[in-house]
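Protein chains in written order, with this note's numbering: chain A, 1 to 260; chain B, 261 to 408. Below you'll find the structure, written out as C-alpha cells, and then a few comments.
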Amino acid sequence: MKKCIIFFAALCVVIALCIVLFPFKIQKSHEMTEILLPFANDFERKIHSEVFYGFQIKKKYAKDAIIGLENNFSATMDDNKIITMAHVTKLTDSIRMYEYIDDPDFDIALFSGTINDDNKACRGEFYAKKNYELAQEQSKNPSEDGIKEVVEQFENFVDCALGIDFPEAKRKKIRIFQTEMQMRDKDSAKLREDNVIDDIQYFKESTDHYEECLQKIADILTDEEFEALFQLKKSEIQGSFLTLLNAAISSENMEGNDVQ
Amino acid sequence: MWKKSFLAFTVIFAIVCMQSNFTSAEYIWAMKVPVNQKYLGVFLDHTYACVGKSNNCYACSGSSITGGDPVDGGYGDGKKAKCCAQCFYVYGNNGVCHQHTNRILYAAGKTLNSCVRGYSTSTLKFGIYGDVGFSSGRWSSCKQGCGY
Chain A
1 MKKCIIFFAA
11 LCVVIALCIV
21 LFPFKIQKSH
31 EMTEILLPFA
41 NDFERKIHSE
51 VFYGFQIKKK
61 YAKDAIIGLE
71 NNFSATMDDN
81 KIITMAHVTK
91 LTDSIRMYEY
101 IDDPDFDIAL
111 FSGTINDDNK
121 ACRGEFYAKK
131 NYELAQEQSK
141 NPSEDGIKEV
151 VEQFENFVDC
161 ALGIDFPEAK
171 RKKIRIFQTE
181 MQMRDKDSAK
191 LREDNVIDDI
201 QYFKESTDHY
211 EECLQKIADI
221 LTDEEFEALF
231 QLKKSEIQGS
241 FLTLLNAAIS
251 SENMEGNDVQ
Chain B
261 MWKKSFLAFT
271 VIFAIVCMQS
281 NFTSAEYIWA
291 MKVPVNQKYL
301 GVFLDHTYAC
311 VGKSNNCYAC
321 SGSSITGGDP
331 VDGGYGDGKK
341 AKCCAQCFYV
351 YGNNGVCHQH
361 TNRILYAAGK
371 TLNSCVRGYS
381 TSTLKFGIYG
391 DVGFSSGRWS
401 SCKQGCGY
C-alpha cells in the first residue's frame with residue numbers, strides 16, 4: 001500500500017514536470033503579447049489615431065522598460081508589470097524596427113522610433129495579432145464565399161492606418177466598394193469556371209475590378225488618407241495590381257538586395 | 261520490481277512528452293524584401309517565411325529570393341507550418357506572397373504587420389490568408405488536414 005502511494009505520488013510529480021517544462025518554449029513567446037496587449041487596448045481607446053510604440057526588452061531589463069508614444073507621453077513598466085504614465089519631451093533618435101533576435105530565451109525585444117519615422121511599427125504589431133484572432137473567430141462560422149471575412153479583416157487595416165476614430169461614413173463606403181469588387185470577381189470566376197471567358201480575360205476583369213475599387217476609395221479619401229492606407233499615391237493606381245502580382249519576380253532583380 | 265516498472269514508465273512518458281510537445285516547436289518567421297518597380301519606385305515588399313532554419317524557407321510562385329529584413333516570428337508547430345506551406349495556392353488567384361506567408365505564420369499565431377508595404381493593398385482583394393473567391397474554403401480545409 002505504502003509503495004503504491006509513493007509510486008503514484010512520484011508519477012504525479014513526473015507528469016507535472018513534463019507539462020510545465022516541455023511547453024515552456026512556446027509559452028514564453030506569448031508573454032510579450034500578454035504584457036503589452038492590454039496596454040495597447042487601453043491606449044487605442046484613449047489616444048485614437050496616435051501611434052503606439054511597443055518596447056520589448058529582455059527579461060533582465062524589465063525594470064527599466066519604457067513604452068513611448070508619438071505625442072511624447074511615455075509609460076514605465078516595473079517588475080510587477082504595472083504601467084505608470086509620465087510626460088517626456090523627446091523620444092530616442094534612432095529607429096529600430098522590430099529586432100530579429102535568434103534567442104529562444106528572449107521575452108521581449110526593444111524597438112522605438114522618432115515622430116517622423118515609420119512609426120506604425122508597434123501599432124502594426126498590435127493589429128497583426130488582432131488579425132490573427134479575427135481569422136480564428138471567423139473560422140468558427142465561415143461564409144460560403146469568404147467575402148464577409150475579407151471585408152471584416154480589412155476593417156483592421158483601416159483602424160491601423162487611419163485610426164479607430166476614422167469616420168464611419170467613409171468606412172461604410174470602403175466596405176461597399178470592397179464588397180462590390182469581390183462580388184464582381186466572383187461573377188468573373190464563375191464565367192471562367194464555365195469556360196465562357198479564358199484566363200486572359202479573367203485576369204483583365206480581375207485587374208479592372210481591383211483598380212476601379214481603388215479609384216472609388218481614392219475618390220472618398222484625402223491624398224494623405226489614401227497614402228496612409230495603401231502606401232500608394234492616387235496617381236499610382238493604374239498598373240498597381242500588375243505590379244503587386246509581379247512583386248515576387250521583381251524582387252529577385254532588386255538592386256542592392258542582400259542574398260545570403 | 262516496483263522501481264524497475266516506475267523507471268521504465270517514466271522514461272517512456274518522457275519520450276512521449278518530448279515527441280508531442282517539445283521537438284515540433286520551431287521558430288517560424290517572415291522576411292520582407294523591397295521591390296523596386298521601374299516607374300513606381302519602391303512601394304511594396306515581397307515576403308516569404310522560414311521554418312526552423314534559414315535554409316528552410318518557403319516562397320510563393322516558386323520564387324527563390326533570399327535575404328531581406330525580418331518582419332515577425334514566433335514559436336509554433338514546424339510540421340504544421342510546413343504542411344500549410346504546401347496547401348493549394350494559385351498565385352494571383354488565391355493571393356500573392358503576403359497571403360502565402362501568413363499561412364505559414366499561422367502555426368506561430370502571427371500574421372504580417374503594417375511595416376510590409378503593399379500588404380493592405382493585397383489584403384483588400386485577397387484577405388489575410390487568400391481564402392476568398394473561386395477557391396474559398398480550400399485553405400480552411402487544408403488547414404484542418406494539417407492538424408488544426
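Where a beta carbon is used, it is the ideal one built from N, C-alpha and C, also for glycine.
Can you give me the Cβ contacts of residue i inside the same chain, cut-off strictly under 7 Å, excluding the 5 residues immediately before and after it?
i	result
C406 (chain B)	K340, C343 and C344
T361 (chain B)	A290, T307, Y308, A309 and L372
Q238 (chain A)	E211
Y389 (chain B)	Q359, N362, R363 and W399
G369 (chain B)	G334 and G336
F241 (chain A)	T207, Y210 and E211
Tell me where the beta strand (DSSP E) around residue i begins and ends.
i	result
G334 (chain B)	D329 to D337
By the DSSP assignment, the alpha helix (DSSP H) with residue i in it spans what residues?
i	result
T361 (chain B)	C357 to L365
T371 (chain B)	Element bounds for T371 (chain B): n/a, residue is neither H nor E.
D198 (chain A)	Run containing D198 (chain A): none; DSSP gives neither H nor E here.
L384 (chain B)	Y379 to F386
C160 (chain A)	I147 to L162
Q404 (chain B)	R398 to G405
E225 (chain A)	D223 to F230
F241 (chain A)	S240 to L245
Within its chain, find whatever has a CB closer than 6 Å to the CB of residue i; leave out the 5 residues flanking it on each side and keep chain order.
i	result
R175 (chain A)	V151
K292 (chain B)	D305, T307, G328, D329, V331 and V376
E149 (chain A)	Q138
F226 (chain A)	A218 and K234
F386 (chain B)	G355 and Q359
N408 (chain B)	What sits at residue 408 (chain B) in the sequence shown is Tyr, not Asn. Counting only Cβ-Cβ distances below 6 Å, and skipping sequence neighbours, we find nothing.
I197 (chain A)	L191
R45 (chain A)	Per-residue confidence for R45 (chain A) stands at a pLDDT of 34, beneath the threshold of 50, marking its modelled position as unreliable; no derived number is given.
L17 (chain A)	none
So, for residue i: in the same chain, excluding its five sequence neighbours on each side, which residues have a beta-carbon less than 8 Å away from its beta-carbon?
i	result
I220 (chain A)	K170, K173 and I174
G256 (chain A)	The predicted position of G256 (chain A) is uncertain, since its pLDDT is 34 and thus under 50; no value can be drawn from it.
V158 (chain A)	F166, R171, I174 and L229
E286 (chain B)	V311, G312, Y335, G336, D337, G338 and A341
H270 (chain A)	Residue 270 (chain A) is absent from the structure shown; chain A starts at 1 and stops at 260.
C213 (chain A)	F177, Q178, E180 and M181
V350 (chain B)	S395
N141 (chain A)	none
G397 (chain B)	D391
Compute the beta-carbon to beta-carbon distance between residue i and residue j, rounded to the nearest angstrom, for a pair I have assumed lies under 8 Å.
i	j	result
N156 (chain A)	N131 (chain A)	5 Å
G320 (chain B)	V356 (chain B)	Before going further, note that residue 320 (chain B) is Cys rather than Gly in the sequence given. So it is a contact: roughly 7 Å between Cβ atoms.
K216 (chain A)	F177 (chain A)	5 Å
G378 (chain B)	Q231 (chain A)	6 Å
S374 (chain B)	A161 (chain A)	7 Å
I272 (chain B)	L365 (chain B)	Rounded, the Cβ-Cβ distance is 34 Å, inconsistent with contact.
T326 (chain B)	V14 (chain A)	That pair is no contact at about 44 Å.
How would you list, in chain order, the residues of chain D whose beta-carbon sits under 8 Å from the beta-carbon of residue i?
i	result
L372 (chain B)	Reference to chain D is not applicable here, since the protein chains of this structure are A and B.
Legend entry - the region 387–395 of chain B touching the region 144–156 of chain A, judged by at least three CB pairs closer than 8 Å: yes
Inset, instruction - For the region 127–137 of chain A and the region 203–215 of chain A, state whether three or more C-beta atom pairs, one from each stretch, are separated by less than 8 Å. - result: no
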